[in-house]
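Numbering (this note's numbering), first residue to last: 4 to 284. See below for the structure under consideration.
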């Protein structure tokens, strides 16, 4: 009798858990869209980073135009569905958002400025000569683990993106169907770390991806099972070292199945070489 009751209780718990999971996934947003900001003054003139605080670097006229075009493109995709914007509080991302929303109806969206999706902090940038030395060290250590003095490593960005993801999904579940789409207006490196964290990619794979172009966006779309799939191809830097198989691993990219995860490869004709450290911002 007791064994039967224990088995019955276990079955009931499993059924309830399944029903709760199905309800949650059904009411979560259709899409999560990651958008990199438009062309900034720092992208156009890298020396700007030595003179202007990173959080105060504005968009160029071209960047504003890119942002308006991105907003119009996303409006065509989303139509009249609701949109929840999460925006990095840096000036260039705030200005990107301001241009994007010109394509949307005011009652269609709400916005939150979210510090956890800000750019990786460079810390106390030294003079140009010292910076080149630090840059060489960074090349040796790797972007994910190297930290400029007073700044953040990629691993630090990973930690705050993880915290943000937990908050984001709690809000999905608490608001139950009130969000049709979520758009993050962020930075190139932060967007790649978000994808790495959500899909459990290795840091080596993340470092091998080309950065998003200004106002380029990546779409994560909910499939029939309620999970999100990345339907936007990401480009691999042809100069990145080859990914190696180091035995059984939970990473999606460290086995012979590398490249068969949720992110399809881009057309190789679009490959470009990263020419300077600031293109990644």
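We put the beta carbon where it would ideally sit given N, CA and C, even for glycine.
Please work out which residues of its chain come closer than 8 Å, Cβ to Cβ, to residue i, disregarding the five sequence neighbours upstream and downstream, and give them in chain order.
i	result
residue 55	44, 45
residue 105	71, 74
residue 115	87, 88, 89, 90
For residue i, which residues in the same chain have their Cβ closer than 6 Å to its Cβ, ignoring the five residues on either side in sequence?
i	result
residue 82	none
residue 175	31
residue 123	155, 160, 192
residue 189	91, 120
Quick check: what's the CA-CA separation for residue i versus residue j?
i	j	result
residue 151	residue 17	48 Å
residue 192	residue 179	30 Å
residue 138	residue 110	46 Å
residue 157	residue 196	8 Å
residue 198	residue 5	47 Å
residue 177	residue 12	27 Å
residue 80	residue 14	42 Å
residue 241	residue 9	57 Å
State the DSSP-derived secondary structure class of residue i, mapped to helix, strand or coil.
i	result
residue 285	Here the chain has residues from 4 to 284 only, and residue 285 is not among them.
residue 150	coil
residue 10	helix
residue 88	strand
residue 128	coil
residue 156	coil
residue 121	coil
With a threshold of 7 Å on Cβ separation, who are the neighbours of residue i within its own chain once the five nearest residues in sequence on each side are excluded?
i	result
residue 51	44, 45, 60
residue 73	38, 103, 218, 220
residue 168	200, 201
So residue i and residue j are supposed to be a Cβ contact under 8 Å. How far apart are they, rounded?
i	j	result
residue 183	residue 78	Actually they are not in contact, since the Cβ atoms of residue 183 and residue 78 sit about 13 Å apart, beyond 8 Å.
residue 66	residue 42	4 Å
residue 97	residue 90	6 Å
residue 121	residue 93	6 Å
residue 154	residue 126	3 Å
residue 163	residue 119	4 Å
Quick check for students: name the residue ranges of the alpha helix (DSSP H) that lie wholly in the segment 18–72, counting only runs of 4 or more.
Those alpha helix (DSSP H) runs which fall completely within the segment 18–72 and span 4+ residues are 44–47.
Runs of alpha helix (DSSP H) lying entirely within the segment 205–251, each at least 4 residues, in chain order:
206–211
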